[in-house]
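>
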Amino acid sequence: MRKMTNLLCFSPVAALMFTPLFAPALGAGSEPPGFTNPADIDRAVQQFTGANIGQIGGARTPTDRRLRLAHCASPLMTSWHGRAGQTVRVECPEVNGWRIFVSTRPQPAAQPAQRVVKRGDPITVAVRGRGFSVQQSGEALDSGAIGDWIAVRTARKSEPVRARIERPGFAIIPAS
Numbered sequence: 194m195r196k197m198t199n200l201l202c203f204s205p206v207a208a209l210m211f212t213p214l215f216a217p218a219l220g221a222g223s224e225p226p227g228f229t230n231p232a233d234i235d236r237a238v239q240q241f242t243g244a245n246i247g248q249i250g251g252a253r254t255p256t257d258r259r260l261r262l263a264h265c266a267s268p269l270m271t272s273w274h275g276r277a278g279q280t281v282r283v284e285c286p287e288v289n290g291w292r293i294f295v296s297t298r299p300q301p302a303a304q305p306a307q308r309v310v311k312r313g314d315p316i317t318v319a320v321r322g323r324g325f326s327v328q329q330s331g332e333a334l335d336s337g338a339i340g341d342w343i344a345v346r347t348a349r350k351s352e353p354v355r356a357r358i359e360r361p362g363f364a365i366i367p368a369s
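Residue numbers (this note's numbering): 194 to 369.
Written out as structure tokens, the structure reads:
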């Protein structure tokens with residue numbers, strides 16, 4: 194019985210101590226006043242990229258719910274950050290605003306172009322200009338795919354020239 198009274202005497206203190214632990218569960222969908230809801234950031238990124246969280250092109254993961262960013266009364270601004278287009282910058286445009294960066298799931302890398310010319314292959318080199326075309330045989334000094342620029346030697350003792358591969362065994366040197 195004595196243990197029970199000790200427990201009852203401390204229960205108001207214990208309730209005050211544990212209230213902060215259960216506060217997020219009690220108001221799970223709301224943010225304290227003065228903070229931006231991370232779900233608003235997720236929605237802004239989703240609208241900007243056109244893809245849901247976890248999908249290709251969308252945010253990799255939801256915004257961390259522990260973030261406590263100042264409340265932003267203005268609409269959030271979004272833009273791509275960097276040249277690769279794999280990170281979205283989300284910012285509050287107000288005077289004392291904030292800025293965060295959200296990583297996205299990039300498109301899968303394209304398969305490398307198939308090599309149609311290998312180093313040492315015999316190749317026909319054409320020089321094309323206005324009203325003329327000259328062809329000569331040569332040797333590929335580099336490997337490459339269609340559209341690649343490679344070094345080609347046209348005679349045993351000549352300097353290599355740069356030519357663009359047009360099809361297997363055929364490269365062009367455009368005349369200016």
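All C-beta atoms, glycine included, are put in the ideal place defined by N, C-alpha and C.
Under 8 Å: do the segment 302-315 and the segment 280-292 share three or more Cβ pairs, one atom per stretch?
The segment 302-315 is not in contact with the segment 280-292.
> Using the C-alpha atoms, what's the distance from residue 349 back to residue 328?
As a working mapping, residue 328 is identified with position 135 in the sequence shown. As a working mapping, residue 349 is identified with position 156 in the sequence shown. The straight-line gap from Cα to Cα measures roughly 16 Å.
> Please classify residue 235 as buried or exposed, where buried requires at least 16 other C-beta atoms within 10 Å of its C-beta.
Residue mapping note: residue 235 aligns to position 42 of the sequence shown, counting from 1. When all chains shown are included, residue 235 counts as buried.
> I need the straight-line Cα distance from residue 312 to residue 246, nearest angstrom please.
Start at 1 with the first residue of the sequence shown, and residue 312 comes out as number 119. Start at 1 with the first residue of the sequence shown, and residue 246 comes out as number 53. Answer to the nearest angstrom: the Cα atoms are 45 Å apart.
> Please classify residue 227: is it buried, with 16 or more other beta-carbons within 10 angstroms of its beta-carbon, or exposed?
Translated into positions along the sequence shown, residue 227 becomes position 34. Exposed: under 16 other Cβ atoms inside 10 Å.
> Residue 332 bridges to which residues according to DSSP?
Counted from its first residue, the sequence shown places residue 332 at position 139. Looking at the DSSP assignment, residue 332 forms a beta bridge with 315, 346.
> Could you tell me which residues DSSP pairs with residue 367 in its beta bridges?
Residue numbering aside, residue 367 sits at position 174 when the sequence shown is read from its first letter. Partner(s): 321.
> Taking the alpha-carbon of residue 233 as reference, which of 250, 352, 260 has the nearest alpha-carbon?
Along the sequence shown, read from residue 1 onward, the residue named residue 233 stands at position 40. Taking only the C-alpha atoms, the option nearest residue 233 is 260.
> Return the bridge partner residues of residue 284 from the DSSP annotation.
As a working note, residue 284 is residue 91 in the sequence shown. 270, 292.
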